[in-house]
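A.B. asks:
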Amino acid sequence: MQDRLDHERHGRLARLDHLTLKLKYLERVCFVNAEKLHASYHVHSLYSALQALHATLFDAEVAHDAARSPAFAAQWQLLHKLALGDEVIKATLDTVPEHVQQQGVATFPELHWRFAHVVAPEVRRAAMLPTEAKAKACVPPSTRWPKRYASVGQGALPPVGLVSYTISKVLSSVMVAKPPALYKESDVNSVLARVEYHLQREDLEAAARELNVLRGWPREIAKGWLDEARRHLEVKMAVDVMQTHVGLMSLGAV
Numbered sequence: 001m002q003d004r005l006d007h008e009r010h011g012r013l014a015r016l017d018h019l020t021l022k023l024k025y026l027e028r029v030c031f032v033n034a035e036k037l038h039a040s041y042h043v044h045s046l047y048s049a050l051q052a053l054h055a056t057l058f059d060a061e062v063a064h065d066a067a068r069s070p071a072f073a074a075q076w077q078l079l080h081k082l083a084l085g086d087e088v089i090k091a092t093l094d095t096v097p098e099h100v101q102q103q104g105v106a107t108f109p110e111l112h113w114r115f116a117h118v119v120a121p122e123v124r125r126a127a128m129l130p131t132e133a134k135a136k137a138c139v140p141p142s143t144r145w146p147k148r149y150a151s152v153g154q155g156a157l158p159p160v161g162l163v164s165y166t167i168s169k170v171l172s173s174v175m176v177a178k179p180p181a182l183y184k185e186s187d188v189n190s191v192l193a194r195v196e197y198h199l200q201r202e203d204l205e206a207a208a209r210e211l212n213v214l215r216g217w218p219r220e221i222a223k224g225w226l227d228e229a230r231r232h233l234e235v236k237m238a239v240d241v242m243q244t245h246v247g248l249m250s251l252g253a254v
């Protein structure tokens with residue numbers, strides 16, 4: 001009888017030990033599952049924040065200057081909070097200058113619109129102006145200039161008089177803009193056509209590279225737009241790097 005009781009007792013203890021092992025295994029599975037759920041939520045949050053920022057930069061429905069609003073700074077701060085010790089995300093966020101993080105950047109649709117309706121016409125007009133030496137020798141300088149020169153060229157005024165400006169305006173009005181294409185010529189009209197060609201394909205980097213070849217007053221007129229395009233490209237590059245990193249995180253590669 002005693003042997004039978006001892007046997008039953010050992011059997012029950014063995015079952016209890018086995019049950020304890022199962023509970024520990026279940027606890028471990030729950031812990032790992034919670035970690036994976038947390039990581040998945042973190043990746044999803046980062047992805048959603050990056051998608052929102054990308055939409056702010058490229059969505060045609062975003063109003064002009066929307067990317068400059070406090071919403072842009074708030075989105076950037078949200079990414080800082082979601083980094084959670086991720087050195088790649090943190091380092092990428094820090095590559096963007098502080099003032100750009102606070103002020104935001106122009107959206108791509110805004111840059112495209114400004115080029116087509118403001119920059120390109122003014123650059124064509126500036127291309128018709130005489131050189132600085134000719135202007136100073138032939139026409140007395142005038143201080144009364146259209147305000148758009150200050151807004152587009154960041155305050156740069158062509159060193160020519162009102163007569164020269166009027167002539168350039170008339171000539172630029174009869175100049176036929178070339179349709180967007182990859183022309184081989186290096187004249188201003190061909191450069192502007194190449195820029196528009198790249199912008200229609202949402203290739204801002206190539207467009208900025210083309211516009212950067214301008215010299216003289218056409219370049220001064222385009223300087224403000226080029227600065228805005230560079231800031232936009234800095235943010236876009238940072239967003240692309242973070243999106244690639246988040247994609248690798250979702251695959252468990254990092």
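Following the working numbering, the numbering of the sequence shown begins with 1 at its first residue and continues without gaps. All C-beta atoms, glycine included, are put in the ideal place defined by N, C-alpha and C.
Can you tell me whether N189 is helix, strand or coil according to DSSP?
C.D. replies: N189 falls in the helix class under three-state DSSP.
A.B. asks: When we look at the beta-carbon of K223 and count the other beta-carbons within 10 Å, is it buried (16 or more) or exposed?
C.D. replies: So K223 ends up on the buried side.
A.B. asks: Which two residues bound the contiguous alpha helix (DSSP H) that contains E220?
C.D. replies: Where E220 is concerned, the enclosing alpha helix (DSSP H) stretches over W217 to S250.
A.B. asks: State the Cα-Cα distance for the pair S186 and A39, rounded to the nearest angstrom.
C.D. replies: The straight-line gap from Cα to Cα measures roughly 53 Å.
A.B. asks: Going by DSSP in three states, K184 sits in which element: helix, strand or coil?
C.D. replies: In this structure, K184 counts as coil in the three-state DSSP scheme.
A.B. asks: Between D17 and L23, what straight-line distance do the alpha-carbon atoms span, to the nearest angstrom?
C.D. replies: Between D17 and L23, the C-alpha separation is close to 10 Å.
A.B. asks: Need the endpoints of the alpha helix (DSSP H) that P291 sits in, please.
C.D. replies: Since the first residue shown for the chain is 1 and the last is 254, residue 291 is missing from the structure and cannot be characterised.
A.B. asks: Grab me the residues of M249's own chain with a C-beta within less than 6 Å of its C-beta, minus the 5 sequence neighbours each way, in chain order.
C.D. replies: Closer than 6 Å at Cβ, skipping near neighbours: V43.
A.B. asks: Taking 8 Å as the cut-off, does the segment 101-121 touch the segment 222-240 (at least 3 CB pairs, one atom from each stretch)?
C.D. replies: Yes: at least three Cβ pairs fall under 8 Å.
A.B. asks: With DSSP as the reference, label K36 as helix, strand or coil.
C.D. replies: In this structure, K36 counts as helix in the three-state DSSP scheme.
A.B. asks: How about L265 and Q75: do their beta carbons lie closer than 8 Å?
C.D. replies: Within the shown structure, residues of the chain are numbered from 1 to 254, placing residue 265 beyond reach of any answer.
A.B. asks: Could you give the distance in angstroms between the alpha-carbon of M242 and the alpha-carbon of A253?
C.D. replies: Cα-Cα distance, rounded: 14 Å.
A.B. asks: Is T56 helix, strand or coil by DSSP?
C.D. replies: Helix at T56.
A.B. asks: What first and last residue would you give for the alpha helix (DSSP H) that runs through R124?
C.D. replies: R124 -> alpha helix (DSSP H) spans A120 to A127.
A.B. asks: How many Å lie between Y183 and A120 at the Cα?
C.D. replies: Cα-Cα distance, rounded: 16 Å.
A.B. asks: Near S45, what residues of its chain come up, given a Cβ to Cβ distance below 6 Å and the 5 sequence neighbours on each side ignored?
C.D. replies: If we look at S45 and ignore the five residues flanking it on each side, its Cβ neighbours are L82.
A.B. asks: Rounded C-beta distance between F72 and G104? I'm assuming under 8 Å.
C.D. replies: Contact holds; Cβ gap of about 4 Å.
A.B. asks: Please state whether the Cβ-Cβ distance between L79 and A106 is less than 8 Å.
C.D. replies: No, the Cβ-Cβ distance between L79 and A106 is not below 8 Å.
A.B. asks: Nearest-angstrom Cα distance between K134 and V123?
C.D. replies: Annotation note: pLDDT 35 at K134 (below 50); position unreliable, coordinate value reported separately. Cα-Cα distance, rounded: 19 Å.
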